[in-house]
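A.B. asks:
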Amino acid sequence: MATTEQALTAEETPQVAFTLELNQDQKDIRDWVHGFARDVVRPAAHEWDEREGTPWPIIEEAAKIGLYGFEGMAQLFADPTGLTMPIANEELFWGDAGIGMAIMGTGLAVASIVGQGTGEQIGEWIPRCFGTPTDLKVAAFCASEPNAGSDVSNVRTTAKFDEATNEWVLNGQKAWATNGGISDVHVVIASVDPTLGSRGHAAFLVSMAEHSGIEQGAKVSKHGLRASHTADVHLDDCRIPAGNVLGGKEKLDERLARVREGKRSKSQAAMQTFEASRPTVGAQAIGIARAAYEYALDYAKEREQFGKKIIENQAIAFALADMKLEIDAARLLVWRASWMGRTGQKFENAEGSMSKLKAGEVATWATERAMHILGGNGYTREYPVERWHRDAKIYTIFEGTSEIQRMVIARAISGMQIR
Ligand SMILES: Cc1cc2nc3c(=O)[nH]c(=O)nc-3n(C[C@H](O)[C@H](O)[C@H](O)COP(=O)(O)OP(=O)(O)OC[C@H]3O[C@@H](n4cnc5c(N)ncnc54)[C@H](O)[C@@H]3O)c2cc1C
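Residue numbering for the sequence shown is -2 to 416, as defined by this note's numbering.
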């Protein structure tokens, strides 16, 4: 029998179901994505931030190694523990968030199709989101509108069914869509029955190549994440086949009938997509935070003032200690939510929202700290830290602002309608 002072032998170690040790596949994918982020993404980051354009050559490189594409995404989704997706995102966004989003932005449309589509829709439309290595495509998820950001129930884009032609007719304006207008596949959230609020919404598959009446509006010039394309999308009598509603028209009709009878409906098109993608978005924020922390740590060990390294001052060393602590804490929340999501556990306490909230706030705070540790250099474009700070801020805004995440968590823990 081992005493508490002695280590347990292998035979004495109880069999445990819980482990934070990554398996070999997870380590291999982490190292593979990290290598791509270090060798291809990071060296291109400054250029594409300045150009404010979609980095197609880098997306092509990602497609060549199998990171961008149907198979690559399927490989990340496949891990039954759910950890490979956040691990890969953290590594890629450690390289650069703008380019990372140009590569991973398609994932939001994909998540929505996987989450709500029929088997047939998944088989047909997901490959179309990525195109082929010789004809690459990206995809867009269009929920937000000028007057419907946090308040998704206020979506004004309508989808009216035309019995005569067996088509949906979409009209409205979408705002801030990642990859909006430069994609073939656009997943568009529209209201089928405005009297039902967000419970009257459905998600529609619109192809820029196939359907008329959809076009890009103004491209948005941004504070950060500038290698990722963001634009308005206009829908003007855009006609799409009856079968292009995610989940199928029959299922939608049944769901709307249940809602009209006053029964509860599980499905709210935009919310379902966001709940599933929040931990992954959190992992992206952690990648940015980690990049800034590592850079600031190295800098503080080199930079001398008053005849000593600046890290020898507790003020600097403790700031770095707190950064490491907060980044690790955020990662644990992200891994928990990813694991829960992948293993089909219900987010009883809005664990998905918790992970995204913590990671976004840590990234914003840690990149600001890193910039401060670099002093004047941190504020210049000669150093990457100011870019990381600009990139981090969006993580407290999109996919639900920090206030909205707190509202979701507060409602989940209280069971009350907190407003
Ligand atoms: C770079 C970028 C990419 C994006 N990509 C996409 C995309 O691909 N698809 C998509 O559909 N959308 C996308 N968006 C839109 C994004 O999701 C919205 O900007 C976000 O949800 C916030 O909405 P809003 O901008 O209208 O802010 P508002 O909703 O107007 O919020 C303004 C402020 O008020 C606060 N607030 C609002 N309501 C409450 C409340 N009840 N209680 C407390 N505070 C509140 C908010 O927290 C925020 O601080 C993107 C945005 C950006 C900037």
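Think of the CB as a built atom: it goes at the ideal place given N, C-alpha and C, for glycine as much as any other residue.
1. Report yes or no: do the stretch 43 to 63 and the stretch 291 to 306 share at least 3 C-beta pairs separated by less than 8 angstroms?
2. Does DSSP classify Gln402 as helix, strand or coil?
3. Quick one: using the 10 Å Cβ neighbour count with 16 as the cut-off for buried, is Gln118 buried or exposed?
4. Does any heavy atom of ligand 3 sit closer than 7 angstroms to the C-beta of Leu222?
5. Would you kindly report the start and end of the unbroken alpha helix (DSSP H) that includes Gly116?
6. Does DSSP put Leu89 in a helix, in a strand, or in coil?
7. Answer with buried or exposed for Ser274, where buried requires no fewer than 16 other C-beta atoms within 10 angstroms of its C-beta.
8. Is Ser411 helix, strand or coil when you go by DSSP?
9. Find the nearest neighbour of Gly50 within the set Ile285, Thr175 and Lys353, judged by alpha-carbon distance.
10. Pro83: buried (16+ other C-beta within 10 angstroms of its C-beta) or exposed?
11. With a 10 Å radius around its C-beta and 16 neighbouring C-beta atoms as the bar for buried, classify Pro276 as buried or exposed.
12. Among residues of its own chain, excluding the 5 on either side of Ala316, which ones have a beta-carbon nearer than 7 angstroms to its beta-carbon?
13. Whole angstroms is fine: what's the gap from Phe15's alpha carbon to Thr162's?
14. Work out the CA separation of Ala239 and Asp295 for me, nearest whole Å.
15. Pairs of beta-carbons, one from the stretch 280 to 299 and one from the stretch 376 to 396, closer than 8 angstroms: are there three or more?
16. Name the residue from Ala224, Val230 and Arg223 whose alpha carbon lies nearest to the alpha carbon of Gly210.
17. According to DSSP, is Thr51 helix, strand or coil?
18. Would a C-beta distance cut-off of 8 angstroms place Val331 and Ala356 closer than the cut-off?
19. Can you give me the Cβ contacts of Trp91 inside the same chain, cut-off strictly under 6 angstroms, excluding the 5 residues immediately before and after it?
20. Of the choices Ile237, His198, Ile179 and Gly221, whose alpha-carbon is the least far from that of Gly214?
21. As an exercise, report each continuous alpha helix (DSSP H) stretch of at least 4 residues that is fully enclosed by the stretch 265 to 335, in chain order.
22. Hey, is Ala356 close to ligand 1, as in C-beta under 7 angstroms from one of its heavy atoms?
23. Quick one: what does DSSP say Ser204 is sitting in, helix, strand or coil?
24. Contact between the stretch 154 to 172 and the stretch 103 to 121 is defined here as three or more beta-carbon pairs at a separation below 8 angstroms; is this criterion met?
25. Taking only three categories from DSSP, how would you classify Gly221?
26. For the beta strand (DSSP E) holding Ile423, just list the boundary residues, first then last.
27. Am I right that Ile26 and Thr103 are in contact with their C-beta atoms under 8 angstroms? What's the rounded C-beta distance?
28. Nearest CA to the CA of Gly69: which residue from Met351, Ala187 and Met101?
29. Going by the C-beta, is Thr398 closer than 7 angstroms to any heavy atom of ligand 1?
30. Looking only at its own chain, which residues have a Cβ that is under 8 angstroms from the Cβ of Val405, when we skip the five neighbours before and after it?
31. Compute the minimum distance between the beta carbon of Gly146 and the heavy atoms of ligand 1, and state whether it is under 7 angstroms.
32. Can you name, in chain order, every residue of its own chain whose Cβ lies under 7 angstroms from the Cβ of Gly244, other than the five neighbours on each side?
33. With the cut-off set at 8 angstroms, would you say Glu164 and Arg236 are in Cβ contact?
34. What residue range does the beta strand (DSSP E) around Arg35 cover?
C.D. replies: The relevant details are as follows:
1. The answer is no - the stretch 291 to 306 does not touch the stretch 43 to 63, with fewer than three Cβ pairs under 8 angstroms.
2. Taken through DSSP and simplified to helix, strand or coil, Gln402 comes out as helix.
3. Label assigned to Gln118: buried.
4. As for ligand 3, it is missing from this structure, which binds only ligand 1.
5. Run containing Gly116: Gly116 to Phe127, per the alpha helix (DSSP H) assignment.
6. Shown here, Leu89 sits in a helix according to DSSP, grouped into three states.
7. A residue is called buried once 16 or more other Cβ atoms fall within 10 Å of its Cβ, and Ser274 is buried on that count.
8. Here Ser411 carries a helix assignment [DSSP, helix/strand/coil].
9. When each option's Cα is compared against that of Gly50, the closest is Thr175.
10. In this structure Pro83 is buried. Its beta-carbon is surrounded by 16 or more other beta-carbon atoms within 10 angstroms.
11. Pro276 should be labelled buried.
12. Correct list, in chain order: Arg366 and Ile370.
13. Going from the Cα of Phe15 to the Cα of Thr162 covers about 55 angstroms.
14. Cα-Cα distance, rounded: 57 angstroms.
15. Output reads yes: the stretch 376 to 396 touches the stretch 280 to 299.
16. Per the C-alpha coordinates, the member of Ala224, Val230 and Arg223 positioned closest to Gly210 is Val230.
17. DSSP places Thr51 in coil when its eight states are reduced to three.
18. Contact flag set, yes.
19. Only Ala34, Gly284, Arg287 and Ala288 meet the Cβ criterion.
20. Nearest to Gly214 by C-alpha distance, out of Ile237, His198, Ile179 and Gly221, is Ile179.
21. 266 to 299, all fully within the stretch 265 to 335.
22. It does not: the Cβ of Ala356 is nowhere closer than 7 angstroms to a heavy atom of ligand 1.
23. In this structure, Ser204 counts as strand in the three-state DSSP scheme.
24. These segments do not touch.
25. Secondary structure of Gly221 (DSSP, three-state): coil.
26. The question about residue 423 has no answer here: the residues shown for the chain are numbered -2 through 416.
27. Contact doesn't hold; Cβ gap of about 18 angstroms is too wide.
28. Nearest option by C-alpha distance: Met101.
29. The nearest non-hydrogen atom of ligand 1 is less than 7 angstroms from the C-beta of Thr398.
30. When the five nearest sequence neighbours on each side are left out, the beta carbons in the same chain lying within less than 8 angstroms of the beta carbon of Val405 are those of Ala347, Ser350 and Gly397, in order along the chain.
31. Taking 7 angstroms as the cut-off, the C-beta of Gly146 counts as close to a heavy atom of ligand 1.
32. Excluding positions up to five away in sequence, the list reads Gln113, Gly114 and Thr115.
33. Yes. Within cutoff.
34. Neither: Arg35 is in no beta strand (DSSP E) and is coded neither H nor E.
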